[in-house]
Amino acid sequence: METNRDAIGKWSVEGSRAELQKLTENFHPVVKKLCELAVTPLLWTICCREPLASCVKGRAVAIGDACHPHLPHHGQGAAAAAEDAASLGVFLSGVQQPVTPSGVPAVLRRWESFRLPRVKAIQLITITFPMPIEELESKIRALGYHGVLPQNVDSHEKMITRWLFGYDVEAEAAKYCEVFQV
306 METNRDAIGK
316 WSVEGSRAEL
326 QKLTENFHPV
336 VKKLCELAVT
346 PLLWTICCRE
356 PLASCVKGRA
366 VAIGDACHPH
376 LPHHGQGAAA
386 AAEDAASLGV
396 FLSGVQQPVT
406 PSGVPAVLRR
416 WESFRLPRVK
426 AIQLITITFP
436 MPIEELESKI
446 RALGYHGVLP
456 QNVDSHEKMI
466 TRWLFGYDVE
476 AEAAKYCEVF
486 QV
């Protein structure tokens, strides 16, 4: 659907019944009937943007949607923020060596190089779902993510959900800290 510039900045705007019918033509009859009962169809305005090129400035860091906003599906807004916080805790805990106040900016830059590639990959996968991963892989790799990707077997949705929620960010952060002696 084309962007309705008047809708940006508003929670919802009035939609058209004809457009709603067109959008739901292949839905289950019960869902179609529920949509037909809407007195005034409303469009929920959601927008996405590219993640920040950097989420660190000196000793300050942006996490979650402040850095990499997600569309409200696949449950990734809060999940990615929790992963940010948990992994940041690993980096700042001084796994390899104590973190001094003057060393915080360097640790945050290392954390950023660990975190941003995965969250950028998550954004791309969830925005373009259900596009097959094979069609996205070169773009994902160009974002700097070189980890394992979900497979397009069984149920594509099921595999992405496992990939999203089966990720142990603290263990991966600890491994990264070991390799780079953070």
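Here the sequence shown stands for residues 306 to 487, numbered as in the numbering used here. From the three backbone atoms N, C-alpha and C, an ideal C-beta is built for every residue, glycine too.
Within its own chain, the residues whose Cβ lies closer than 7 Å to the Cβ of residue 390, once the five positions on either side in sequence are excluded, are 368, listed in chain order.
Scanning its chain for C-beta atoms nearer than 7 Å, with the 5 sequence neighbours on each side dropped, one finds around residue 372 the residues 356, 357, 360, in chain order. Residues of the same chain with a CB within less than 7 Å of the CB of residue 423, apart from the 5 flanking positions on each side, are 450, 452 in chain order. Between the alpha carbons of residue 454 and residue 415 lies a distance of about 22 Å. In the three-state reduction of the DSSP assignment, residue 361 falls in the strand class. When the Cα atoms are used, residue 364 and residue 397 turn out to be separated by approximately 11 Å. Excluding sequence positions up to five before and after residue 417, its CB lies within less than 8 Å of the CB of 359, 360, 361, 366, all in the same chain and listed in chain order.
Exclusion of the five residues before and after residue 370 leaves 382 as the residues of its chain whose Cβ lies within less than 6 Å of its Cβ. Boundaries of the alpha helix (DSSP H) around residue 413: 409-433.
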